[in-house]
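Going line by line, the protein sequences match chains A and B. Take my numbering: the last position of the first sequence gets the number 171, and nothing is skipped along the way. Take my numbering: the last position of the second sequence gets the number 468, and nothing is skipped along the way. Positions of the beta carbon are idealized from the N, C-alpha and C atoms, including for glycine. To start, the structure itself, in structure tokens.
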Amino acid sequence: MSDVIATLSPEEISEIEHEIALIPRRDGAAIDALLIVQKHRGWVSDESLRAIARLLEMSAEELDGIATFYNLIFRKPVGEQVILLCDSVSCWLRGCEQVKARLSERLGIGYGETTADGRYTLLPVPCLGACDRAPVMMVGDELHTHLDETDLSVLSPEGAAS
Amino acid sequence: MTERPLTQNIRADGASTFLADYEANGGYSGLRKAVSSMTPESCLDEVKNSRLRGRGGAGFPTGMKWSFVPMGEKAGPGHKYLIANADEMEPGTFKDRLILEQDPHQLLEGMMLAAFTIQADIAYVFLRGEYVLAAERLMQAIAECYEAGYLGDNILGSGYSLHLHLHRSAGRYICGEETALINALEGKRANPRPKPPFPQVAGLWGRPSIVNNVETLCNITHIITHGADWFQTLGRGEDSGTKLFGASGNVKNPGVWELPMGTPVREILEDHAGGMRDGYQLRGFLPGGGSTDFLVEQHLDLAMDYDVIGKAGSRMGTGTMIVLDDRNCPLGMVRNLSRFFAHESCGFCTPCRDGIPWVVQLLDRFEQGQATEDDIALLEEKAAFIGGIGNTHCALAPGAMEPVNSALKYFREDFERHITAGGCTYNGAAGRH
Ligand SMILES: Cc1cc2nc3c(=O)[nH]c(=O)nc-3n(C[C@H](O)[C@H](O)[C@H](O)COP(=O)(O)O)c2cc1C
Ligand code: SF4
């Protein structure tokens, strides 16, 4: 049993235990635990999922039901940076579909795909709450606003975000 | 006393107001006042008398909501919770972000006062995951509060204790629905819970809990600091206080502004948003986010008050307007919104889970020129059913149908034209169609 949990790092385990200590039930930390592991590894593999489930004393199936419910928990590997392109109404009115088309062309990927060099994963995201600066996207933790499909210089020529 | 309390600390450079500046501008005097010279009952009376209505979308009177929380012995043993709803995922809504990023202490003080009123001992900020900058600034502000003795045990020597945590959401629009939010905080899938029991009685971990919107809680800070009478004078019409109003779409100067409740729509769209961009005409607007009904030109002189907008057939919602212009297709806009709601449905009930994708498919038929007259009637029938109050477990589905129903009402000729012209004839803002 502890072998399964041991696939998590001591740091991950201690961060998860910290969350558990704040609440009445171990499995109540499910979302925090998934996010903690994802922070360290970029995504949540089957192996990590089983380990977290053991640590939280819940079934892996139930935990997977939670993991797959949420938009920001990745059950497949993602690139070094995830691009979250807003495709909601205010960005739509300001031309996000053109930005999407150009981004896809530039990176050679569609939604849900990762560039061959492993740099970027492209995903749509519901309204990012920056509608006055539409169209917008996030590249990793950075918000980029007033996007223009003719100028995607936020992605440097080599593909790295500037 | 300021007439623009919510934005008094918002700086032009976008930097955040942290503790020293917040205190220098009168911050935490409301908390000091409450814990030293007020009781939970007198705080509740002040909030009731202010006639504050919730800014999260439904406009429920805040004082009344709090009055259902069992107090003293009646609460039984265990914790009570106060939760700030900072999920802000309603399409077209970008008001809470302003405060979360630039004046986090205003929210924290409001939360402390709300928690004191209902005698909660644990508080959460439920923050959407993508608000990274807000998370950093909130963490710093929370740490400052523990350091200064505004949070923790025996706050300012009053005997009252409150612990406050930041929860970063893993992302789903439904998490903003208050009982779904509570399930998310318990680490579960965010399906809404049946009501009753209401969260005020049995919420987080089965204990009494209050969920309020960020802007609602910010208002509490000023109501306690300056009093309910002062708050009532801020509104221009029926409702009291100010509101963070916003406008997005093809207006000249999109943004968010703190204005008196009851400010006419025209003033917001023309004086503050600067009117339409050159070459664009107004077709209509959703007054308060993606789940409110379209209003049109004839409604421009209405006051942004809950009941005024309600009587006109729409809702105040979040007060952030989405403006439709004449170069974007109304059906395209509704299709974009419906796709959002279809994707964000939690899947619990059939009319929402299966019905909204059906609506999207119908709208696709119009877009592609495959629709017939019968499809208008079918769309009307479906939208009425999915949007029917009581046909679904929560308000997501009815909200989703508000733009559909109202588009059928105000933009009927566009539906007809998609049939006669064999598809969409719009050449959107950037050549979308
Ligand atoms: C699908 C759905 C999403 C919601 N999202 C939010 C949200 O992001 N923020 C918010 O404050 N309220 C949201 N609400 C409203 C909440 O359920 C709740 O009414 C609100 O937080 C209460 O706060 P208030 O009384 O201060 O307005 C949402 C409601 C529904 C049905
Ligand atoms: S209306 Fe939709 S979001 Fe709400 S409970 Fe039903 S399926 Fe879930």
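### Proximity of residue 16 of chain A and residue 56 of chain A at Cβ, strictly below 7 Å
Looking up residue 16 of chain A in the first sequence gives position 7. Looking up residue 56 of chain A in the first sequence gives position 47. Yes, Cβ-Cβ distance for residue 16 of chain A and residue 56 of chain A is below 7 Å.
### Query
Straight-line CA distance for residue 234 of chain B to residue 377 of chain B?
Along the second sequence, one-based indexing puts residue 234 of chain B at 199. Along the second sequence, one-based indexing puts residue 377 of chain B at 342. Each residue's alpha carbon lies about 26 Å from the other.
### Message
Is there a Cβ of chain A sitting closer than 7 Å to that of residue 205 of chain B, yes or no?
### Response
For the purposes of this step, residue 205 of chain B is taken as the residue at position 170 of the second sequence. Closer than 7 Å to some Cβ of chain A, the Cβ of residue 205 of chain B qualifies, so yes.
### Query
First and last residue of the alpha helix (DSSP H) that includes residue 420 of chain B?
Taking the second sequence and counting its residues from 1, the one referred to as residue 420 of chain B is at position 385. Here the alpha helix (DSSP H) through residue 420 of chain B covers 408-422.
### Task
Using a Cβ-Cβ cut-off of less than 9 Å, give me the residues of the segment 126-146 of chain A that come near chain B, in sequence order.
133, 134, 135, 136, 137, 138, 139, 140, 141, 142, 143
### Task
Please list the residues of the segment 284-305 of chain B that have a C-beta atom closer than 7 Å to any C-beta atom in chain A, keeping them in chain order.
284, 285, 289, 290, 291
### Query
Does the segment 70-86 of chain B touch the segment 253-262 of chain B, meaning 3 or more C-beta pairs lie closer than 8 Å?
Judged by Cβ distances under 8 Å, the segment 253-262 of chain B makes contact with the segment 70-86 of chain B, as three or more pairs qualify.
#### Entry: For residue 380 of chain B, the three-state DSSP class (helix, strand or coil)
Position 345 of the second sequence, counting from 1, holds the residue named residue 380 of chain B. In the structure shown, residue 380 of chain B adopts coil according to DSSP, grouped into three states.
### Query
Is the segment 191-209 of chain B touching the segment 50-66 of chain A in the sense that three or more CB pairs, one from each, lie closer than 8 Å?
no
### Query
Which term fits residue 169 of chain A, buried or exposed, when burial requires 16 or more other beta carbons within 10 angstroms of its beta carbon?
Indexing the first sequence from 1 puts residue 169 of chain A at position 160. Note that residue 169 of chain A has pLDDT 43, beneath the 50 cutoff, so the model's placement of it is unreliable and no number is given.
### Task
Could you say which of B:62, B:418, B:356, B:230 lies nearest to residue 241 of chain B if we only look at CA atoms?
Working through the second sequence from its first residue, we reach residue 241 of chain B at position 206. Comparing Cα-Cα distances from residue 241 of chain B to each of B:62, B:418, B:356, B:230, the minimum goes to B:230.
### Query
What does residue 81 of chain A touch in chain B if you count any residue whose Cβ is under 7 Å from its own?
One-based indexing of the first sequence puts residue 81 of chain A at position 72. What residue 81 of chain A touches in chain B: 164, 205, 206.
### Query
Is there contact between the segment 161-180 of chain B and the segment 134-142 of chain B, where contact requires at least three CB pairs shorter than 8 Å?
Yes, the segment 161-180 of chain B is in contact with the segment 134-142 of chain B.
### Query
Would you say residue 119 of chain A faces chain B, with C-beta separation under 7 Å as the test?
Indexing the first sequence from 1 puts residue 119 of chain A at position 110. Chain B contact via Cβ: absent.
### Query
Relative to the C-alpha of residue 106 of chain B, which residue among B:152, B:297, B:42 is closest?
The residue labelled residue 106 of chain B in the question sits at position 71 within the second sequence. If we check each option's Cα against that of residue 106 of chain B, B:152 comes out closest.
### Query
For chain B, is any of its Cβ atoms less than 7 Å away from the one on residue 51 of chain A?
Counted from its first residue, the first sequence places residue 51 of chain A at position 42. Not closer than 7 Å to any Cβ of chain B, the Cβ of residue 51 of chain A fails to qualify, so no.
#### Entry: residue 188 of chain B versus residue 59 of chain B - alpha carbon distance
Here residue 188 of chain B is taken as the residue at index 153 of the second sequence, counted from 1. Here residue 59 of chain B is taken as the residue at index 24 of the second sequence, counted from 1. Rounded to whole angstroms, residue 188 of chain B to residue 59 of chain B spans 24 Å at the Cα level.
### Query
Thinking C-beta only, is residue 135 of chain A closer than 7 Å to residue 120 of chain A?
Here residue 120 of chain A corresponds to residue number 111 of the first sequence, with the count starting at 1. Here residue 135 of chain A corresponds to residue number 126 of the first sequence, with the count starting at 1. No. Outside cutoff.
### Query
Any chance the CB of residue 388 of chain B is under 6 Å from a heavy atom of ligand 2?
Within the second sequence, numbered from 1, the residue matching residue 388 of chain B stands at position 353. Yes, the Cβ of residue 388 of chain B comes within 6 Å of a heavy atom of ligand 2.
### Query
Where residue 55 of chain B and residue 61 of chain B are concerned, what is the direct C-alpha to C-alpha distance, given to the nearest angstrom?
Indexing the second sequence from 1 puts residue 55 of chain B at position 20. Indexing the second sequence from 1 puts residue 61 of chain B at position 26. Distance between the alpha carbons of residue 55 of chain B and residue 61 of chain B: 10 Å.
### Spatially closest choice to residue 366 of chain B from B:310, B:406, B:251, B:384, by CA coordinates
In the second sequence, counting from the first residue as 1, residue 366 of chain B sits at position 331. Taking residue 366 of chain B as reference, the option from B:310, B:406, B:251, B:384 with the minimal CA-CA separation is B:406.
### Anticipated Cβ contact below 8 Å, residue 145 of chain A with residue 131 of chain A, distance rounded
Position 136 of the first sequence, counted from the first residue, corresponds to residue 145 of chain A. Position 122 of the first sequence, counted from the first residue, corresponds to residue 131 of chain A. Contact doesn't hold; Cβ gap of about 15 Å is too wide.
### Task
Would you mind listing the beta strand (DSSP E) stretches within the segment 304-392 of chain B that are 3+ residues and don't spill past its ends, in chain order?
317-321, 355-360
### Message
Closest to residue 66 of chain A by C-alpha separation, out of A:150, A:36, A:110, A:49, would be which residue?
### Response
The residue labelled residue 66 of chain A in the question sits at position 57 within the first sequence. Of A:150, A:36, A:110, A:49, the residue nearest in Cα terms is A:36.
#### Entry: Collapsed DSSP secondary structure at residue 223 of chain B in the structure displayed
Counting from 1 along the second sequence, the entry for residue 223 of chain B is found at position 188. In this structure, residue 223 of chain B counts as coil in the three-state DSSP scheme.
### Task
Output the distance between the C-alpha atoms of residue 68 of chain B and residue 159 of chain B, rounded to the nearest integer angstrom.
As a working note, residue 68 of chain B is residue 33 in the second sequence. As a working note, residue 159 of chain B is residue 124 in the second sequence. Roughly 23 Å separates the two Cα atoms.
### Message
At the level of alpha carbons, what is the spacing between residue 97 of chain A and residue 195 of chain B?
### Response
Stepping through the first sequence from its first residue, residue 97 of chain A is reached at position 88. Stepping through the second sequence from its first residue, residue 195 of chain B is reached at position 160. C-alpha separation (whole angstroms): 43 Å.
### Query
Applying the criterion that 16 or more other CB atoms from any shown protein chain within 10 Å of the CB defines a buried residue, is residue 298 of chain B buried or exposed?
Taking the second sequence and counting its residues from 1, one reaches residue 298 of chain B at position 263. The residue is buried, with at least 16 neighbouring Cβ atoms inside 10 Å.
### Query
To the nearest angstrom, how far is it from the Cα of residue 312 of chain B to the Cα of residue 100 of chain A?
Numbered from 1 along the second sequence, position 277 holds the residue referred to as residue 312 of chain B. Numbered from 1 along the first sequence, position 91 holds the residue referred to as residue 100 of chain A. Approximately 15 Å, taken between the alpha carbons.
### Message
For residue 307 of chain B, tell me which candidate among B:317, B:290, B:319 has the shortest Cα-Cα distance.
### Response
In the second sequence, residue 307 of chain B corresponds to position 272, counting from 1. Per the Cα distances, B:290.
### Entirely enclosed alpha helix (DSSP H) segments - the segment 90-166 of chain A, minimum 4 residues
Runs of the alpha helix (DSSP H) spanning 4 or more residues and lying entirely within the segment 90-166 of chain A occur at 98-102, 105-116, in chain order.
### Query
Under the DSSP definition of a beta bridge, which residues are partnered with residue 114 of chain B?
Residue mapping note: residue 114 of chain B aligns to position 79 of the second sequence, counting from 1. Note: residue 114 of chain B sits in no beta bridge, so no partner.
### Message
Quick check on residue 430 of chain B: does DSSP put it in helix, strand or coil?
### Response
Against the second sequence, residue 430 of chain B aligns to sequence position 395. In this structure, residue 430 of chain B counts as coil in the three-state DSSP scheme.
### Task
For my contact list, residue 190 of chain B and residue 199 of chain B are in at a C-beta cut-off of 8 Å; report their separation, rounded to the angstrom.
Your numbering for residue 190 of chain B matches position 155 in the second sequence. Your numbering for residue 199 of chain B matches position 164 in the second sequence. Contact between residue 190 of chain B and residue 199 of chain B fails: their C-beta atoms lie close to 11 Å from each other, not under 8 Å.
### Query
Under 7 Å between C-beta atoms, does residue 126 of chain B make it to chain A?
Here the question's residue 126 of chain B lines up with position 91 in the second sequence. Yes - at least one Cβ of chain A is within 7 Å of the one on residue 126 of chain B.
### Message
Please report whether the beta-carbon of residue 37 of chain A lies at a distance below 7 Å from any beta-carbon of chain B.
### Response
Along the first sequence, one-based indexing puts residue 37 of chain A at 28. Yes, its Cβ sits closer than 7 Å to a Cβ of chain B.
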